[in-house]
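The structure appears below as structure tokens.
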Amino acid sequence: MRIPLLLLLICSILLNCSTQKRILTDLDKIGLKGQVKYLKFESHLTEKDGELTSNQNEGKGIIIDNEFFFNENGMISEQRQYSKSELSQIFVFEYDNHNLLILKNYFNPSHVLVMKSKFENTFNSKGKIIKQFEFRATNNSFMDSTKITYQKMPHKTMEFSYNQNGELEKMTYIQSIFGSNLPKSIMEYRNGLMDKQLLVDSNGSIISSSNIICLGFDKIGNCIKLKTKDNSSAEEYTNAEIKYYK
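Under our numbering, the final residue of the sequence shown carries the number 643; numbering is consecutive throughout.
Right, dumping it as structure tokens:
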């Protein structure tokens, strides 16, 4: 079963922290440095024991996964999600004066609003975020901003744990459908970079595991070529295009 590296990023990149400490930005969660303005991921999957060929490098079989636009605070302002390189959804994010995520607006490819969510955060005693909850609007209430109401149960939950140095070491993504939780997606970090992705069932058993390896960096030191290898030896290659604020 394919667990794309980008799947977790599509669903869970919206992370924040307390104003008492340095803000934990979306760039931090992806492991990017500098004043990033734009990020695009392109990926494809090889067969078991397959190799990346020159034709694939030139664009054959390449699929656009996501495009991200960042504000100057290092948070995502807009995300464009693709299906087989065709635009499928647009997400626009709103933040408060402390750079904390408060609203997510869902648009279809025609830029028509189709859903809205609000966010609530929980912090530990050191001011670091440990949980983030996304609550979707009920029915079509999002169509009238003066009467909008939200579901009582979270649609998505993010959980964060840190090492003794206060660095993020694990991020867990939980999505609920009709009150039931889907398998958890867990991202493990090493030295501030994404290292391993796990899919875990409700009993804690690992369904699948993928290792993330960087194959190339840009001049800033950000990873622009990734290989994700799962426990069946299938390999996913991802190229990243990064643009910076000048």
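By construction, the Cβ of each residue, glycine as well, lies at the ideal position given by its N, Cα and C atoms.
Can you pull the DSSP bridge partners for Glu638?
In the DSSP output, where bridge partners are listed per residue, Glu638 has Lys437.
Roughly how many angstroms lie between the CA atoms of His644 and Ser630, to the nearest whole one?
Here the chain has residues from 398 to 643 only, and residue 644 is not among them.
Alpha carbon to alpha carbon, how far is Lys501 from Lys567? Give it in angstroms, no decimals.
23 Å
In chain order, what residues of the same chain have a beta carbon less than 7 Å from the beta carbon of Thr450, not counting five sequence neighbours either side?
Residue placement at Thr450 cannot be trusted, given a pLDDT of 45 that sits under 50; what the coordinates show is reported in the next sentence. Excluding positions up to five away in sequence, the list is empty.
Secondary structure of Ile617, DSSP reduced to three states
coil
Where do the N-terminal and C-terminal ends of the alpha helix (DSSP H) with Asp423 fall, by residue?
423-427
Per DSSP, Thr569 is paired with what?
Glu556, Ile583
Would you mind sorting Val509 into buried or exposed? The rule is 16 or more other CB atoms within 10 Å of its CB.
Classification of Val509: exposed, given that the 10 Å Cβ count is below 16.
Assign Ser514 to buried or exposed, taking buried as 16 or more other Cβ atoms, counted over all protein chains shown, within 10 Å of its Cβ.
The residue in question, Ser514, is buried, as its Cβ has 16 or more Cβ neighbours within 10 Å.
For the beta strand (DSSP E) containing Val511, list its first residue and its last residue.
510-520
If you reduce the DSSP assignment to three classes, tell me which class Lys624 lands in.
It is a strand residue.
In the DSSP assignment, what residue or residues form a beta bridge with Gln594?
Met584, Ser607
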